[in-house]
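Trainee: Structure in structure tokens, see below.
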Amino acid sequence: MSALLEVRGLGRRFGGLQAVDALSFAVGEGEILGLIGPNGAGKSTVFNLINGVHLPDSGSVIFRGEDITGEPPYRVARRGLARTHQIVQPLANMSVLENCVVGACFGRENLPLGRAEAVALEIAGFVGLIDRIGDPAGTLTIAGKKRLELARALSARPVLLLLDEVLAGLNPSEVERMIVVIRRIRERGVAILMIEHLMQAIMSLSDRIVVLNSGRKLAEGRPEQVANDPAVIEAYLGNPEDAAKLRGERPS
Amino acid sequence: MHSPRFLGKPTYWLIVLATLAFAFAPLWHDNVELREELLLAAIYVILASNLNLMIGYAGYINFGNIVFFGLGGYFCVWLVSSHGWPLVAAALAGAAAVSVLALLFGLGILRLRGAYFALSTIGVNEGVKAFVANFTPWGGSTGIYLPIDAFAPLGGPATALWVIYFLLVAVMGLSLLLSFAIRNSKLGLGLLAIGQNEDAAAVLGVPTPRYKAFVYSVSAFLPAVAGALFFFKSAFIQPDDAFDLVFSTEAIVGVMLGGQGTVLGPALGAFVYEELRSTLLTAETFSNFQMVIAGALLLLIVLFVPGGLMGWIHRRWPRAKKVLE
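Chains as they are written, first to last, in numbering that gives the first Met the number 0: chain A, 0 to 251; chain B, 0 to 324.
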């Protein structure tokens with residue numbers, strides 16, 4: 000498996016806080032890599048360093064064999080690396096369709112308006128937003144806005160998708176539907192790097208998992224390896240009941 | 000071969016009709032008074048429509064857009080009086096120079112956002128005004144007068160006034176078509192995205208710095224041509240008239256009154272405001288009474304109808320969105 004995205008020795012400090020520290024990992028073609036860790040572990044910062052929202056103090060980001068460290072977000076997007084936001088960022092007064100057309104127009108394929116609209120329509124159907132395409136994005140529910148985040152990113156026809164807690168704030172049935180959508184995205188050959196707090200979901204979706212704590216990599220491996228890693232249980236979860244949850248079992 | 004998409008759009012035809020109406024209305028009975036009134040209205044429409052590219056599309060409030068109008072006037076009057084250039088060449092060359100200057104200013108101040116950008120646009124206007132007031136080749140604070148025979152190449156003063164009027168109406172039509180074309184293009188979509196949420200737009204791939212600088216520069220061009228024609232017509236230009244922030248503010252009132260972010264709204268708003276303004280000016284209750292009204296109007300719009308006239312129409316009759324963009 001060749002690496003699609005490679006992060007090498009990435010570091011970033013905010014004032015006195017070392018948010019990300021000498022972090023290295025890779026995402027392979029068509030792989031789903033889960034990024035987990037307690038609140039404040041630096042997960043979203045890793046995303047921001049990868050897509051150029053923040054500049055790293057050290058290290059580099061290699062995407063499809065090219066060094067994209069410090070490139071502005073709009074260039075990174077053009078290369079086929081799309082992302083969603085943990086805190087949804089709809090273009091509120093524009094319609095759901097227009098939001099997706101922006102993604103398609105300025106994404107990897109750099110489509111003209113007409114063809115971008117066709118792609119946007121297809122994606123809106125794919126994520127289940129087709130009934131709402133004419134509505135202003137600001138009028139969607141939180142679940143709808145999460146779907147829109149995903150739809151916009153997918154409209155760019157990315158080769159790698161960074162998903163920042165797309166399941167957070169959804170009710171169980173919405174989570175189920177979103178998981179189905181994520182599986183289908185992977186079936187289309189799109190690699191995914193995802194941050195998620197919902198353990199059961201990320202354990203079942205991910206091929207591999209990277210555990211982050213205080214900006215450093217604590218563990219890396221297949222979901223069951225990570226779930227049984229004493230260092231993870233000790234340092235990150237602390238008590239055995241949470242460890243059971245991590246393995247997808249119901250606490251007794 | 001397919002006919003271009005815009006031909007099927009009512010907005011396009013409305014623009015053509017409005018422009019023709021402006022051109023022909025004063026010709027009827029050779030009405031010079033009406034011509035002078037419509038000339039001023041056309042200038043307000045030009046300023047508001049181009050300002051809307053920044054405010055309505057990209058979401059950047061520009062208080063100092065009058066600097067383009069004034070500089071366009073200065074370049075033109077100077078080229079005509081000191082270098083003997085013909086009017087149209089001087090106006091176009093001047094406007095091109097203003098657009099380049101705007102691009103340079105823009106690369107600097109467009110790094111700022113929100114209130115800081117808005118303040119910096121006032122700074123640019125005041126800075127340019129102070130510079131021109133001390134710039135001897137442009138007559139310093141006394142300005143430049145055109146020679147008496149400046150209108151001769153256009154067929155004498157009476158004909159020249161008609162020629163200038165038709166040129167201004169053409170510039171007005173072009174301003175509206177420019178706004179229409181941008182609104183229906185990929186550039187327009189990117190600008191609207193920037194106006195909604197600049198960071199999200201960049202993450203989606205919109206090349207934000209390039210788009211902002213480009214539209215700032217483009218929004219300078221036609222107001223500069225209008226300034227050239229206006230000050231050529233006056234045969235006189237001085238810093239206080241050329242860089243008058245009152246004019247800038249009035250253009251903003253036009254944009255907000257008509258509906259920022261729409262194609263026709265700012266033009267409609269500017270026209271309505273100008274009609275109101277001329278009534279108030281001739282009322283002579285007290286000087287600059289129109290500014291009192293303008294201020295109150297702006298406050299009321301922002302508080303109660305932030306979408307302006309067009310926003311109100313679009314909300315009332317959602318289907319009108321397709322006809323009146």
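Every residue, glycine too, gets a C-beta built ideally from N, C-alpha and C.
DSSP on A:D206, reduced to helix/strand/coil?
Mentor: In the first sequence, counting from the first residue as 1, residue 206 of chain A sits at position 207. Three-state result, A:D206: coil.
Trainee: For a cutoff of 7 Å on Cβ pairs, would you count A:P157 as touching chain B?
Mentor: Position 158 of the first sequence, counted from the start, is the residue given in the question as residue 157 of chain A. Not one chain B Cβ lies under 7 Å of A:P157.
Trainee: Assign B:Q195 to one of three DSSP states: helix, strand, or coil.
Mentor: As a first step, residue 195 of chain B must be located in the second sequence, where it is residue number 196. B:Q195: helix per DSSP, three-state reduction.
Trainee: Mapping the DSSP letters down to three states, classify B:L323 as helix, strand or coil.
Mentor: Here residue 323 of chain B refers to the residue found at position 324 of the second sequence. Residue state, collapsed to three classes: coil.
Trainee: On the three-state DSSP scale, how would you describe A:E195?
Mentor: Mapped onto the first sequence, residue 195 of chain A falls at position 196. A:E195: coil per DSSP, three-state reduction.
Trainee: Let me confirm a value: B:P136 is counted as buried when at least 16 other C-beta atoms fall within 10 Å, else exposed. Which label applies?
Mentor: For the purposes of this step, residue 136 of chain B is identified with residue 137 of the second sequence, where counting begins at 1. So B:P136 counts as exposed.
Trainee: Which residue or residues does DSSP assign as beta-bridge partners of A:Q224?
Mentor: As a working mapping, residue 224 of chain A is identified with position 225 in the first sequence. According to DSSP, which records beta bridges pairwise, A:Q224 is partnered with nothing at all.
Trainee: Would you report the Cα separation of B:N287 and B:T248, rounded to the nearest angstrom?
Mentor: The residue you call residue 287 of chain B lines up with position 288 of the second sequence. The residue you call residue 248 of chain B lines up with position 249 of the second sequence. About 13 Å.
Trainee: Please specify which runs of the alpha helix (DSSP H), each continuous and at least 4 residues long, are wholly inside the segment 145-198 of chain A, giving them in chain order.
Mentor: DSSP runs (the alpha helix (DSSP H)) wholly in the segment 145-198 of chain A: 171-186.
Trainee: Decide yes or no for the touch test of the segment 116-127 of chain A against the segment 71-88 of chain A: beta carbon pairs closer than 8 Å, at least 3 of them.
Mentor: The segment 116-127 of chain A vs the segment 71-88 of chain A: no contact.
Trainee: Are there 16 or more other CB atoms within 10 angstroms of the CB of A:P111, so buried, or fewer, so exposed?
Mentor: In the first sequence, counting from the first residue as 1, residue 111 of chain A sits at position 112. Exposed, by the Cβ-count rule.
Trainee: Please confirm whether A:P72 has its beta-carbon closer than 7 Å to some beta-carbon of chain B.
Mentor: For the purposes of this step, residue 72 of chain A is taken as residue 73 along the first sequence, with counting starting at 1. Yes, A:P72 counts as interfacial toward chain B.
Trainee: Based on Cα-Cα distance, which residue from B:L175, B:L70, B:G58, B:G307 lies nearest to B:F231?
Mentor: Position 232 of the second sequence holds residue 231 of chain B. Among B:L175, B:L70, B:G58, B:G307, the Cα nearest to that of B:F231 belongs to B:L70.
Trainee: Quick check: A:L149 and A:V165, are their CB atoms within less than 7 Å of each other?
Mentor: The count along the first sequence starts at 1 and reaches residue 149 of chain A at position 150. The count along the first sequence starts at 1 and reaches residue 165 of chain A at position 166. Yes. Within cutoff.
Trainee: Count the other CB atoms within 10 Å of the CB of B:D29; is the residue buried (16 or more) or exposed (fewer)?
Mentor: On the second sequence, position 30 is the one that residue 29 of chain B refers to. B:D29 should be labelled exposed.
Trainee: Could you round the C-beta distance between B:A169 and B:G72 to whole angstroms and report it? I think they count as a contact, below 8 Å.
Mentor: As a first step, residue 169 of chain B is located in the second sequence; it is residue number 170 there, counting from the start. As a first step, residue 72 of chain B is located in the second sequence; it is residue number 73 there, counting from the start. Not a contact, Cβ separation roughly 18 Å.
Trainee: Rounded to a whole number of angstroms, what is the C-alpha to C-alpha distance between A:M0 and A:E28?
Mentor: Taking the first residue of the first sequence as 1, we reach residue 0 of chain A at position 1. Taking the first residue of the first sequence as 1, we reach residue 28 of chain A at position 29. At A:M0 the pLDDT is 47, less than 50, meaning the model places this residue with poor confidence; the figure from the coordinates comes in the next sentence. A:M0 and A:E28: Cα-Cα distance of roughly 7 Å.
Trainee: At least one CB of chain B closer than 7 Å to the CB of A:R146: is that the case?
Mentor: Here residue 146 of chain A refers to the residue found at position 147 of the first sequence. Not one chain B Cβ lies under 7 Å of A:R146.
Trainee: Could you list the residues in the segment 275-303 of chain B with a C-beta less than 9 Å from some C-beta on chain A, going in chain order?
Mentor: The segment 275-303 of chain B vs chain A, Cβ under 9 Å: nothing.
Trainee: Entirely within the segment 19-66 of chain B and at least 4 residues each: give me those alpha helix (DSSP H) ranges in chain order.
Mentor: Complete alpha helix (DSSP H) runs here, min 4: 31-51.
Trainee: What do you get for B:Y11, buried or exposed, if any count of 16 or more other CB atoms within 10 angstroms of its CB means buried?
Mentor: Mapped onto the second sequence, residue 11 of chain B falls at position 12. Buried is the call here.
Trainee: Who are the near neighbours of A:L153 in its chain, counting only those whose CB is closer than 6 Å to its CB and skipping five residues on each side?
Mentor: Locating residue 153 of chain A in the first sequence gives position 154, where the first residue counts as 1. Excluding positions up to five away in sequence, the list reads I122.
Trainee: If you follow the alpha helix (DSSP H) that B:A241 is part of, which residue opens it and which one closes it?
Mentor: Taking the first residue of the second sequence as 1, we reach residue 241 of chain B at position 242. B:A241 -> alpha helix (DSSP H) spans 238-241.
Trainee: Could you round the C-beta distance between B:L33 and B:A24 to whole angstroms and report it? I think they count as a contact, below 8 Å.
Mentor: For the purposes of this step, residue 33 of chain B is identified with residue 34 of the second sequence, where counting begins at 1. For the purposes of this step, residue 24 of chain B is identified with residue 25 of the second sequence, where counting begins at 1. 6 Å between Cβ atoms; contact.
Trainee: Can you find the residues in the same chain that come closer than 7 Å, C-beta to C-beta, to B:V79, ignoring five residues on each side of it along the sequence?
Mentor: Translated into positions along the second sequence, residue 79 of chain B becomes position 80. These residues qualify, in order along the chain: L86, A89, L145, A149, F231.
Trainee: Please tell me whether B:S338 and B:P265 are closer than 7 Å, where the distance is taken between their beta carbons.
Mentor: Summary: the structure shown does not reach residue 338 of chain B, with chain B confined to residues 0 through 324, and so no result is reported for it.
Trainee: Closest to B:V123 by C-alpha separation, out of B:G253, B:D243, B:K320, B:L267, would be which residue?
Mentor: Within the second sequence, numbered from 1, the residue matching residue 123 of chain B stands at position 124. When only C-alpha atoms are compared, the closest one is B:D243.
Trainee: Note down, in chain order, every chain A residue with its Cβ under 8 Å from the Cβ of B:G189.
Mentor: Against the second sequence, residue 189 of chain B aligns to sequence position 190. By Cβ distance, chain A contributes V101, C104, F105.
Trainee: For the segment 67-130 of chain B, which segments carrying the alpha helix (DSSP H) assignment without a break, of at least 4 residues, lie completely within its bounds, in sequence order?
Mentor: The qualifying runs are 86-108.
Trainee: For A:E131, which three-state DSSP category applies?
Mentor: Here residue 131 of chain A corresponds to residue number 132 of the first sequence, with the count starting at 1. It should be pointed out that residue 131 of chain A corresponds to Arg in this sequence rather than to Glu. Three-state result, A:R131: helix.
Trainee: Flag B:P317 as yes if its beta-carbon sits less than 7 Å from any beta-carbon of chain A, otherwise no.
Mentor: For the purposes of this step, residue 317 of chain B is taken as residue 318 along the second sequence, with counting starting at 1. No, no contact with chain A.
Trainee: Within 10 angstroms of its Cβ, does B:S174 collect 16 or more other Cβ (buried), or is it exposed?
Mentor: Position 175 of the second sequence, counted from the start, is the residue given in the question as residue 174 of chain B. So B:S174 counts as buried.
Trainee: Of all the CB atoms in chain B, is at least one closer than 7 Å to the CB of A:L162?
Mentor: Translated into the one-based positions of the first sequence, residue 162 of chain A becomes position 163. No - not a single Cβ of chain B is within 7 Å of the one on A:L162.
Trainee: Distance cutoff 7 Å, beta carbons only. Does B:V170 sit that close to anything in chain A?
Mentor: Within the second sequence, numbered from 1, the residue matching residue 170 of chain B stands at position 171. No, B:V170 lies away from the interface with chain A (no Cβ there is under 7 Å from its Cβ).
Trainee: Which residues bound the alpha helix (DSSP H) around A:G113?
Mentor: As a position in the first sequence, residue 113 of chain A is number 114, starting the count at 1. Note, A:G113: alpha helix (DSSP H), 112-126.
Trainee: Establish whether the CB of A:L128 and some CB of chain B are separated by less than 7 Å.
Mentor: Sequence index remark: in the first sequence, residue 128 of chain A carries index 129 (1-based). Not one chain B Cβ lies under 7 Å of A:L128.
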